[in-house]
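Protein chains: 2
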Amino acid sequence: MNENIIKQFKKGVLDIVILKLLSQQEMYGYELVSELNRRGESLNIKEGTLYPILYRLEDEGLVETRWEQAASRSKPKKYYKVTEKGIEAMTEAYSQWKAIARDITNIMEGTP
Amino acid sequence: MNENIIKQFKKGVLDIVILKLLSQQEMYGYELVSELNRRGESLNIKEGTLYPILYRLEDEGLVETRWEQAASRSKPKKYYKVTEKGIEAMTEAYSQWKAIARDITNIMEGTP
DNA sequence: ACCATATACTTTGTATAACAAAGTATATGG
DNA sequence: CCATATACTTTGTTATACAAAGTATATGGT
Chain A
127 MNENIIKQFK KGVLDIVILK LLSQQEMYGY ELVSELNRRG ESLNIKEGTL YPILYRLEDE
187 GLVETRWEQA ASRSKPKKYY KVTEKGIEAM TEAYSQWKAI ARDITNIMEG TP
Chain B
127 MNENIIKQFK KGVLDIVILK LLSQQEMYGY ELVSELNRRG ESLNIKEGTL YPILYRLEDE
187 GLVETRWEQA ASRSKPKKYY KVTEKGIEAM TEAYSQWKAI ARDITNIMEG TP
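Order-wise, the sequence lines are chains A and B. Residues in the first sequence are numbered from 127 upward in steps of one, following the working numbering. Residues in the second sequence are numbered from 127 upward in steps of one, following the working numbering.
Shown next as structure tokens:
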């Protein structure tokens with residue numbers, strides 16, 4: 127139980143925070159990485175972590191993509207936004223997470 | 127992202143709640159299962175989940191075991207208690223979890 | 001006494017996720 | 001011109017929760 131415990135703690139929760147950020151603003155992958163790193167130091171992720179998550183969310187129909195070319199002859203970027211289904215999945219999953227977080231807090235903090 | 131998301135949310139956190147419960151009271155495995163199921167519905171686990179965790183925690187020196195025979199000719203039970211090292215690991219890991227939980231809450235609840 | 005159920009522990013195999021590490025390609029600033 | 005940043009992708013590794021099954025003893029009800 128070293129620092130790789132952090133890797134375990136992140137499992138599953140990255141999905142919901144990514145969906146949340148994408149529900150507030152359409153973003154492309156690389157942008158999401160920096161946004162996540164800015165928003166919470168403990169949720170830092172690398173590209174090799176984010177992109178597979180995005181592909182999975184897309185396969186599940188929770189996000190939609192769109193290639194956009196900023197300027198002509200510039201390299202297009204792949205923009206992600208959340209679908210209706212994605213909002214529902216995120217809401218449901220977050221509710222589950224809150225229940226677990228509450229139980230953990232109860233056990234760790236008090237009521238022995 | 128179905129109900130198996132719950133399985134992901136549990137990753138890592140079971141360690142810390144198990145260590146916490148064992149720090150409050152020495153227990154044997156089967157007892158821990160029912161205690162956990164009683165304490166937080168969302169943290170329900172089966173024996174096949176708990177025992178491997180206990181073996182791992184023991185390998186890491188975070189818990190110690192002791193076989194105790196309740197009555198003569200009764201089947202002995204394997205009691206677990208936390209070591210000093212276990213307390214430290216739990217405290218550290220819980221602190222990490224709180225940091226992540228805080229970041230998640232910030233992203234999910236507010237400050238857009 | 002019998003037997004279904006509960007207790008208690010163990011093992012095997014599976015699915016999934018985060019990550020490291022590397023690669024590809026374009027854009028940009030000094 | 002070229003090192004660095006941007007942007008996306010892929011492969012292989014490791015760790016964990018879980019289902020499912022098995023073993024063995026204990027116990028309560030009829």
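Even for Gly, the Cβ is constructed at its ideal location relative to N, Cα and C. These numbers were taken from a predicted model, which means no experiment stands behind them.
{"Query": "Proximity test, Cβ basis, 9 angstroms: Gly166 (chain A) and chain B", "Result": "yes"}
{"Query": "Assigned secondary structure, Thr191 (chain B) (DSSP; H/G/I helix, E/B strand, else coil)", "Result": "strand"}
{"Query": "In chain order, each alpha helix (DSSP H) run of at least 4 residues that lies wholly inside the region 141 to 166 of chain B", "Result": "155 to 165"}
{"Query": "Beta carbon proximity, Ile171 (chain A) to chain B, threshold 9 angstroms", "Result": "no"}
{"Query": "DSSP beta-bridge partners of Tyr205 (chain B)", "Result": "B:Tyr154 and B:Arg192"}
{"Query": "The region 211 to 226 of chain A / the region 193 to 202 of chain B touching (three or more Cβ pairs under 8 angstroms)", "Result": "no"}
{"Query": "Member of A:Lys136, A:Glu190, A:Ala219 and A:Leu183 whose CA lies at the smallest distance from the CA of Lys204 (chain A)", "Result": "A:Glu190"}
{"Query": "Collapsed DSSP secondary structure at Lys133 (chain B) in the structure displayed", "Result": "helix"}
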